[in-house]
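A.B. asks: When we follow my numbering, the leftmost residue of the sequence shown carries the number 1, and every step to the right adds one.
The beta carbon of each residue, even a glycine, is placed where N, CA and C say it ideally should be.
Just so we're clear, the structure is a prediction, and the values are computed from it rather than from any experiment.
Right, I'll just put the structure down here and ask away after.
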Amino acid sequence: NLQQQAVPFTCHLFGAYGAGYAQRFNDYQNRIQQAGLAQQVFLSKDLKFSDGSLSQYLSENCDLALGIFGDNERARSTAAPNKLIEALSMGIPTLTMNSPGLKEFFDPELDFWTCEPSAESLTTALLAILNGTAQPIDWECTRQKVLQTFSLARYQEAISKILNEVESEFLAAKNSHD
1 NLQQQAVPFT
11 CHLFGAYGAG
21 YAQRFNDYQN
31 RIQQAGLAQQ
41 VFLSKDLKFS
51 DGSLSQYLSE
61 NCDLALGIFG
71 DNERARSTAA
81 PNKLIEALSM
91 GIPTLTMNSP
101 GLKEFFDPEL
111 DFWTCEPSAE
121 SLTTALLAIL
131 NGTAQPIDWE
141 CTRQKVLQTF
151 SLARYQEAIS
161 KILNEVESEF
171 LAAKNSHD
């Protein structure tokens, strides 16, 4: 891990309130204390995208965003996790685990850094990023791709298409019963 390799780092973890959040927050706080990382890893529950405080903090203070690294079916099958979209839309360099679902919207070899969801792989990837030996990424190109792919206009277009298909199916069913 980074601490064993004497790599100076600070990690800020953010979360939103929801069912079970208080218990998870306390669990994470205890794990951080037990691992001896209280001087490097900080939890925050007071910043939110909804009021702009989280996006402002991230854009002003974040050198690298970490995406999803869960070892479960949901993490492996999510095509584009919100935290990945949010970080990339702000132009923040991002490291996330590689998963088949990402290929629906991205080229994981070109659009951001990926690694396996293990401590060893994550450490190796972080050291490569820190040492400047990680694959070069055109972060502005990735940002533009995200802004175009996940824009309000694109969302409205997709919803309109679905509604038009539903309407056509409804009218066809209605006409067949008349």
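What residues match up with residue 97 in a beta bridge as DSSP calls it?
C.D. replies: For residue 97, which the question treats as bridged, DSSP gives the partners 115.
A.B. asks: Put residue 141 into one of helix, strand or coil per three-state DSSP.
C.D. replies: Reduced to three states, the DSSP call for residue 141 is helix.
A.B. asks: Does the segment 49–63 come close enough to the segment 107–115 to have 3 or more Cβ pairs within less than 8 Å?
C.D. replies: Not touching, per the Cβ criterion.
A.B. asks: Quick one: Cα of residue 67 to Cα of residue 173, how far?
C.D. replies: Approximately 44 Å between the Cα atoms of the pair.
A.B. asks: Which of helix, strand or coil does DSSP assign to residue 65?
C.D. replies: Residue 65: strand per DSSP, three-state reduction.
A.B. asks: The beta strand (DSSP E) that contains residue 44, what's its start and end?
C.D. replies: Per DSSP, residue 44 belongs to the beta strand (DSSP E) from 41–44.
A.B. asks: Going by the beta-carbon positions, is the gap between residue 122 and residue 69 smaller than 8 Å?
C.D. replies: Cβ distance < 8 Å, so residue 122 and residue 69 count as in contact.
A.B. asks: Relative to the C-alpha of residue 38, which candidate in 28, 97, 23 and 45 has its C-alpha closest?
C.D. replies: Looking at the Cα atoms, 28 is the closest of the given residues.
A.B. asks: Terminal residues of the continuous alpha helix (DSSP H) containing residue 170?
C.D. replies: 152–177 is the extent of the alpha helix (DSSP H) around residue 170.
A.B. asks: Using the C-alpha atoms, what's the distance from residue 95 back to residue 116?
C.D. replies: Going by the C-alpha atoms only, they are around 10 Å apart.
A.B. asks: Could you check the C-alpha separation between residue 107 and residue 31 for me, to the nearest Å?
C.D. replies: Approximately 34 Å, taken between the alpha carbons.
A.B. asks: Measure the beta-carbon distance from residue 92 to residue 65 and round it to whole angstroms, keeping in mind my assumption that it falls under 8 Å.
C.D. replies: Going by Cβ atoms, the distance from residue 92 to residue 65 rounds to 5 Å, so yes, they are a contact pair.
A.B. asks: In three-state terms, what does DSSP make of residue 106?
C.D. replies: DSSP places residue 106 in coil when its eight states are reduced to three.
A.B. asks: State the Cα-Cα distance for the pair residue 22 and residue 42, rounded to the nearest angstrom.
C.D. replies: Rounded to the nearest angstrom, the two C-alpha atoms are 15 Å apart.
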